[in-house]
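Engineer: Have a look at the structure that comes next, please.
2 protein chains.
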Amino acid sequence: MSDVFVRKLEQVARLSPADRKALRVAASGRLRSVGAREDVVREGDRPRAMTVFLSGWACRYKMIEDGRRQLLAFFVPGDFCDLNIFLLDEMDHSIGTITPVTVAEMSREQLAGLMARHHRLSAALWRDTLVKASIQREWTLNLGQRNALERVAHLVCELYVRLRAVRLADDGLCEMPITQADLADATGLSPVHVNRTLQELRHSNLLAWKGKSLYVPDFDALAATALFNPAYLHLGQIGHHPDADDRAAAHGLTGRAGPAAPPAI
Amino acid sequence: MSDVFVRKLEQVARLSPADRKALRVAASGRLRSVGAREDVVREGDRPRAMTVFLSGWACRYKMIEDGRRQLLAFFVPGDFCDLNIFLLDEMDHSIGTITPVTVAEMSREQLAGLMARHHRLSAALWRDTLVKASIQREWTLNLGQRNALERVAHLVCELYVRLRAVRLADDGLCEMPITQADLADATGLSPVHVNRTLQELRHSNLLAWKGKSLYVPDFDALAATALFNPAYLHLGQIGHHPDADDRAAAHGLTGRAGPAAPPAI
DNA sequence: CGCGTTCTTGAGGATTGTCAATGGAAGTGG
DNA sequence: CCACTTCCATTGACAATCCTCAAGAACGCG
Chain E
1 MSDVFVRKLE
11 QVARLSPADR
21 KALRVAASGR
31 LRSVGAREDV
41 VREGDRPRAM
51 TVFLSGWACR
61 YKMIEDGRRQ
71 LLAFFVPGDF
81 CDLNIFLLDE
91 MDHSIGTITP
101 VTVAEMSREQ
111 LAGLMARHHR
121 LSAALWRDTL
131 VKASIQREWT
141 LNLGQRNALE
151 RVAHLVCELY
161 VRLRAVRLAD
171 DGLCEMPITQ
181 ADLADATGLS
191 PVHVNRTLQE
201 LRHSNLLAWK
211 GKSLYVPDFD
221 ALAATALFNP
231 AYLHLGQIGH
241 HPDADDRAAA
251 HGLTGRAGPA
261 APPAI
Chain L
1 MSDVFVRKLE
11 QVARLSPADR
21 KALRVAASGR
31 LRSVGAREDV
41 VREGDRPRAM
51 TVFLSGWACR
61 YKMIEDGRRQ
71 LLAFFVPGDF
81 CDLNIFLLDE
91 MDHSIGTITP
101 VTVAEMSREQ
111 LAGLMARHHR
121 LSAALWRDTL
131 VKASIQREWT
141 LNLGQRNALE
151 RVAHLVCELY
161 VRLRAVRLAD
171 DGLCEMPITQ
181 ADLADATGLS
191 PVHVNRTLQE
201 LRHSNLLAWK
211 GKSLYVPDFD
221 ALAATALFNP
231 AYLHLGQIGH
241 HPDADDRAAA
251 HGLTGRAGPA
261 APPAI
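Protein chains in written order, with UniProt numbering: chain E, 1 to 265; chain L, 1 to 265.
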């Protein structure tokens with residue numbers, strides 16, 4: 001349960017029991033509860049700590065001066081804010097909650113230490129950062145090329161797959177505590193049009209969404225209308241190349257903080 | 001001239017003469033010319049080498065099965081493909097040329113060696129990767145929230161600023177060898193509408209674009225209509241925190257290949 | 001139970017897309 | 001060096017998608 005983030009990272013790299021333990025310890029230090037619709041980090045802030053989401057949903061977003069808002073990513077339980085802390089001076093976007101959340105915070109130093117001592121964790125965190133970049137590219141494609149129906153369907157597919165990967169979805173069922181307004185900000189559509197699009201998806205029996213729970217009766221059908229190809233999530237790489245990390249470790253190339261850690265403060 | 005990529009990385013981290021020299025040597029090894037409208041790397045490939053663009057323009061793009069295409073980023077002279085090579089098994093997008101280009105290729109091993117021996121270079125390359133992620137976020141915002149006029153203007157602003165940063169633009173003038181169709185694929189608009197949008201920008205005297213050369217008479221005016229805020233490009237951080245890298249190096253936290261290097265092959 | 005938030009619906013309009021054709025520039029081959 | 005081809009920019013007319021405004025219904029929280 002409190003291990004979501006371990007499951008999350010294990011999607012991305014094989015971890016040793018010691019890695020897992022270190023991760024759990026690190027994530028149990030500074031716990032914090034944040035209410036719904038609050039900011040965790042704000043654009044312009046100097047990043048201080050890395051946030052791990054233990055429960056609840058949050059999002060990365062960016063605003064234009066005139067009030068328009070674009071969601072850039074969703075954080076579901078187990079997700080990590082990425083490693084910007086180490087390398088960029090100033091947040092170029094904000095992170096805000098959607099539901100109440102509990103987060104663990106790791107300071108620069110703590111994280112640097114963790115990464116220096118645990119090669120695989122370090123690699124996993126960096127790899128996770130690159131996967132997030134891949135997701136961002138897919139969002140760009142989604143907004144640029146897909147129409148409203150495909151766009152909404154695609155986002156639902158992504159969230160479902162990501163939740164399933166950390167065992168928060170199964171049998172087509174999962175929690176989806178976001179509002180239609182959130183969906184609108186994420187897809188670049190108006191709330192009204194999102195509403196109509198969802199109705200279309202419902203009437204085609206591609207999904208049922210009531211309150212905060214979502215049911216996808218036929219994932220493949222939804223994926224087909226969304227033109228969804230999960231490759232960009234880079235799940236299941238570990239299975240394909242079972243010893244990639246081991247070999248890397250043997251070369252002494254993983255871990256050791258390295259470029260992971262320049263505390264630019 | 002052949003130093004564009006050095007100038008590029010110096011935007012992002014302070015380099016020592018030794019760093020610069022090593023970078024030049026590494027980038028002078030495997031040179032390759034690629035014609036216009038060809039692929040450098042294709043989606044699904046296993047990445048082998050990192051590409052440095054020495055001259056010419058290229059782009060990152062992704063396609064949907066039915067033929068729709070979305071540009072995800074432009075590569076201008078001096079740009080690096082990012083460090084996906086090290087951590088992801090399979091390319092989730094393609095990289096193709098726009099004009100004829102000359103590139104330098106660095107193998108995994110070569111790059112790992114370079115990064116292990118040169119702390120600052122390693123940090124610079126990772127930081128550049130994070131800056132690219134920031135740009136991708138801004139593109140998402142651009143596609144999701146801005147209308148056609150703002151969208152095109154914003155992209156022009158970005159390219160102009162990036163070119164100026166490597167001294168390929170000055171006095172409002174620069175080369176801009178992309179077609180309106182490219183612009184359309186980048187902005188998620190139809191080519192016809194891009195054309196009309198450019199005319200609008202021209203008639204407002206916000207830009208002049210003839211053939212492959214662009215003139216921006218009043219950058220601030222263009223930036224204002226684009227709602228362009230250059231913070232996301234993370235230029236000029238070095239000036240603000242002059243010794244960030246030095247301090248990082250002193251902590252022994254930079255360089256040393258680290259997670260930079262797991263050759264996942 | 002009441003109030004605020006979220007969802008839903010309708011009507012009309014704006015932005016942007018599609019189709020199709022023309023003009024012009026640039027590049028190629030004879 | 002010219003004719004030809006090809007690619008690219010441009011235009012017009014019409015259509016579709018999606019947006020805005022505005023109001024009412026349902027849901028959920030305190």
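All C-beta atoms in this analysis are idealised placements derived from N, C-alpha and C, irrespective of residue type, glycine included.
(1) Using the C-alpha atoms, what's the distance from L/Glu43 back to L/Ile64?
(2) Measure the alpha-carbon distance for L/Phe74 versus L/Asp19 and round it to whole angstroms.
(3) Note the first and the last residue of the continuous alpha helix (DSSP H) segment covering L/Asp220.
(4) Judging by CA-CA distance, which residue of E/Glu105, E/Ala124, E/Asp128, E/Ala181 is the nearest neighbour of E/Ser14?
(5) Indicate whether E/Arg60 and E/Asp185 have their beta-carbon atoms separated by less than 7 Å.
(6) Any idea what DSSP makes of L/Gly96, helix, strand or coil?
(7) According to DSSP, E/Met115 sits in a beta bridge with which residue or residues?
(8) Ends of the beta strand (DSSP E) at E/Leu207?
(9) Would you mind listing the beta strand (DSSP E) stretches within the stretch 39-104 of chain E that are 3+ residues and don't spill past its ends, in chain order?
(10) Give me, in chain order, the residues of the same chain whose beta-carbon lies closer than 6 Å to that of L/Met50; leave out the 5 immediate sequence neighbours on both sides.
(11) L/Pro77 and L/Val161: beta carbons closer than 7 Å?
(12) Tell me whether E/Leu214 sits in a helix, a strand or coil according to DSSP, three-state version.
(13) In angstroms, rounded to a whole number, what distance separates the CA positions of E/Ala148 and L/Lys21?
(14) Flag this pair as touching only if the stretch 22-34 of chain L and the stretch 96-103 of chain L have three or more C-beta atom pairs under 8 Å; answer yes or no.
(15) List the endpoints of the continuous beta strand (DSSP E) containing E/Ser33.
(16) Name the two residues that bound the continuous beta strand (DSSP E) containing E/Leu173.
(17) Tell me the rounded alpha-carbon separation between L/Ala26 and E/Thr97.
(18) With a threshold of 7 Å between beta carbons, is E/Ser94 in contact with chain L?
(19) Do we get a CB-CB distance below 7 Å when we pair L/Lys62 with the residues of chain E?
(20) Answer yes or no: does any C-beta atom of chain L fall closer than 7 Å to that of E/Gly113?
(21) To the nearest whole angstrom, what separates the beta carbons of L/Asp45 and L/Met91, a pair I think is in contact under 8 Å?
(22) From the DSSP output, in three-state form, read off L/His240 for me.
(23) Determine, using beta carbons only, whether E/Phe53 and E/Asp89 come nearer to each other than 7 Å.
(24) Only counting the same chain, and skipping five residues up and downstream in sequence, which positions put a Cβ closer than 8 Å to that of L/Leu71?
(25) Among E/Arg108, E/Ser94, E/Asp39, E/Val152, whose alpha-carbon lies nearest the alpha-carbon of E/Ser190?
(26) Tell me, please, whether the CB atom of E/Trp57 is closer than 7 Å to any CB atom in chain L?
(27) Identify the continuous alpha helix (DSSP H) that holds L/Gln11 and give its terminal residues.
(28) Taking 7 Å as the threshold (C-beta atoms), are E/Val216 and E/Leu207 in contact?
(29) Taking three-plus beta-carbon pairs below 8 Å as touching, is the stretch 197-214 of chain L in contact with the stretch 156-174 of chain E?
(30) Quick one: list the residues of chain E neighbouring L/Gln136, beta-carbon separation under 8 Å, in chain order.
(31) So what does DSSP say about L/Asp182, is it helix, strand or coil?
(32) Within 10 Å of its beta-carbon, does E/Glu138 have 16 or more other beta-carbons around it, so buried, or fewer, so exposed?
(33) On the three-state DSSP scale, how would you describe E/Ser190?
(34) Suppose you measure from the CA of L/Leu155 to the CA of L/Ser55; what does that come to, to the nearest Å?
(35) When the cut-off is 7 Å and only beta carbons count, does E/His193 lie next to chain L?
(36) Rounded C-beta distance between E/Gln136 and L/Gln136? I'm assuming under 8 Å.
Structural biologist: With the given structure in hand:
(1) Those two C-alpha atoms are separated by around 11 Å.
(2) Those two C-alpha atoms are separated by around 26 Å.
(3) For L/Asp220, the enclosing alpha helix (DSSP H) stretches over residues 219-226.
(4) Checking the displayed sequence, the identity of residue 14 of chain E turns out to be Arg instead of Ser. Check the Cα spacing between E/Arg14 and each of E/Glu105, E/Ala124, E/Asp128, E/Ala181: the tightest is with E/Ala124.
(5) Not in contact: E/Arg60 and E/Asp185 (Cβ atoms no closer than 7 Å).
(6) L/Gly96 falls in the strand class under three-state DSSP.
(7) Bridge partners of E/Met115: none, in fact.
(8) Counting along the chain, E/Leu207 falls outside any beta strand (DSSP E), and DSSP gives it neither H nor E.
(9) Qualifying beta strand (DSSP E) stretches, in chain order: 39-41, 49-55, 58-63, 69-75, 94-97.
(10) For L/Met50, same chain residues with a beta-carbon under 6 Å away, outside a window of 5 residues either side, are Cys81, Ile85, Met106, Leu111 in chain order.
(11) Their beta carbons are not under 7 Å apart, which means L/Pro77 does not touch L/Val161 by this criterion.
(12) Correct three-state label for E/Leu214: strand.
(13) Rounded to the nearest angstrom, the two C-alpha atoms are 51 Å apart.
(14) As far as the Cβ criterion goes, the stretch 22-34 of chain L touches the stretch 96-103 of chain L, which means the pair count is three or higher.
(15) Run containing E/Ser33: 30-34, per the beta strand (DSSP E) assignment.
(16) Residues 173-175.
(17) L/Ala26 and E/Thr97: Cα-Cα distance of roughly 45 Å.
(18) It does not; no Cβ of chain L falls within 7 Å.
(19) By this cut-off, L/Lys62 is an interface position.
(20) Not one chain L Cβ lies under 7 Å of E/Gly113.
(21) Right, the Cβ-Cβ distance comes to about 5 Å (below 8 Å), so this counts as a contact.
(22) With a pLDDT of 40 at L/His240, under the threshold of 50, the predicted position of this residue should be treated as unreliable, though the coordinate-derived value follows. Three-state DSSP puts L/His240 in a helix.
(23) Between E/Phe53 and E/Asp89, the C-beta spacing is not below 7 Å.
(24) Cys59, Arg60, Tyr61, Asp182, Asp185, Ala186.
(25) Comparing Cα positions, the closest option is E/Val152.
(26) With 7 Å as the cut-off, E/Trp57 does not count as an interface residue toward chain L.
(27) No alpha helix (DSSP H) holds L/Gln11; DSSP gives it neither H nor E.
(28) In this structure, E/Leu207 lies near E/Val216, with their beta-carbon atoms less than 7 Å apart.
(29) Touching, no.
(30) Against L/Gln136, the close residues of chain E are Ala133, Gln136, Arg137, Thr140, in the order they occur along the chain (beta-carbon pairs closer than 8 Å).
(31) Helix, per DSSP.
(32) E/Glu138 is buried by the Cβ-count criterion.
(33) Reduced to three states, the DSSP call for E/Ser190 is coil.
(34) Near 20 Å, if we compare the C-alpha coordinates of L/Ser55 and L/Leu155.
(35) E/His193 does not count as touching chain L.
(36) Right, the Cβ-Cβ distance comes to about 5 Å (below 8 Å), so this counts as a contact.
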